[in-house]
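In terms of numbering that gives the first Met the number 0, the sequence shown opens at residue 0 and continues consecutively.
Heads up, the beta-carbon is just placed ideally off N, CA and C, and yes, glycines get one too.
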Amino acid sequence: MSTWDRIDRFEGDPLDTSLWVPDYLPHWTTPERSGARYRFVGGGIELLIEHDQHAWRPEDGDFRVSHLQTGEFAGPLGSAVGQHRIGRDLRVVTERTMRRLWAPPRAGAVEVVASASADPTCMLGIWLVGHESTGPDDSGEICVAEVFGDKVTAASSVIRAGIKAHHDPRLVSDLRDVVLAMDATEPHTYGAAWDSEGVRISVDGVEIYGTDQVLGYPLQLMLDLWEFPHGRRDPAGYPKSAVIREVRLRTDD
Numbered sequence: 000m001s002t003w004d005r006i007d008r009f010e011g012d013p014l015d016t017s018l019w020v021p022d023y024l025p026h027w028t029t030p031e032r033s034g035a036r037y038r039f040v041g042g043g044i045e046l047l048i049e050h051d052q053h054a055w056r057p058e059d060g061d062f063r064v065s066h067l068q069t070g071e072f073a074g075p076l077g078s079a080v081g082q083h084r085i086g087r088d089l090r091v092v093t094e095r096t097m098r099r100l101w102a103p104p105r106a107g108a109v110e111v112v113a114s115a116s117a118d119p120t121c122m123l124g125i126w127l128v129g130h131e132s133t134g135p136d137d138s139g140e141i142c143v144a145e146v147f148g149d150k151v152t153a154a155s156s157v158i159r160a161g162i163k164a165h166h167d168p169r170l171v172s173d174l175r176d177v178v179l180a181m182d183a184t185e186p187h188t189y190g191a192a193w194d195s196e197g198v199r200i201s202v203d204g205v206e207i208y209g210t211d212q213v214l215g216y217p218l219q220l221m222l223d224l225w226e227f228p229h230g231r232r233d234p235a236g237y238p239k240s241a242v243i244r245e246v247r248l249r250t251d252d
């Protein structure tokens, strides 16, 4: 793709808050749990999981996350209204202002140049998720890439890609694990394009997934480093990290 509306190379402080919300679904939890930890490095932004970091939402387990997203939507305090309803007994505990910093109405394209972690407790996630301000059914997800550290080697890496229906009755969840001859800890380009004819997902310009399922509502981009529960946390093993080197965005409607 040769024409982009916006490119972010994360060239240093401060983070561009006209594009990024540095929190993971902050309405469902508290600020000290949702806030991203990161630092700017030569050639990108390094998402960090640090030893003293809090679990995102204890009701859903011990996982920790550092995350950037291009929008947010939730209802009033105490309500069950809010985007990406993936936890248990969800209620809004932190009121937030609705923002659609980048969320194409019906069609668009994205490329993310990223270096994943090979730590077996970590995952790099690149997702396009329904903003949901247009209705609770508009909640589907394009899983551009999930890269689990325990499936990354110098010779090959497994990339999970596809569709997650979540609460959209028009969609069918369809995820595929694609084995590629690449080291995902090196920079690679993860891309997606979607429109009224379907969705196409690529890695380094080569299509790895296609579908005629349509997500014809605003989708926001979410970039994520997860750490999954794994028992005792040794301070010597931190920080854990993944690097987002460049993001390219285009709105096609």
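In the structure shown, the three-state DSSP call for D7 is strand.
For P21, the closest alpha carbon among the candidates G41, E45, V40, R247 is that of E45.
Shown here for V112: same chain residues with a beta carbon closer than 6 Å to its own, the five before and five after excluded, namely P186, T188, R244, E245 in chain order.
Fewer than three pairs of CB atoms, one per stretch, sit closer than 8 Å, so the stretch 228-237 makes no contact with the stretch 201-218.
Between the alpha carbons of S132 and D194 lies a gap of roughly 19 Å. Annotation note: the stretch 68-135 contains the following uninterrupted beta strand (DSSP E) runs of length 3 or greater, listed N- to C-terminal: 107-114, 121-129. Your pair P103 and G148 does not check out as a contact, with CB atoms roughly 31 Å apart and the cut at 8 Å.
In this structure, F62 is the residue among F62, I6, S17 with its C-alpha nearest to the C-alpha of E226.
C-alpha of S17 to C-alpha of H165: approximately 28 Å in a straight line. If you look at E145, you'll find it in the beta strand (DSSP E) that goes 140-147.
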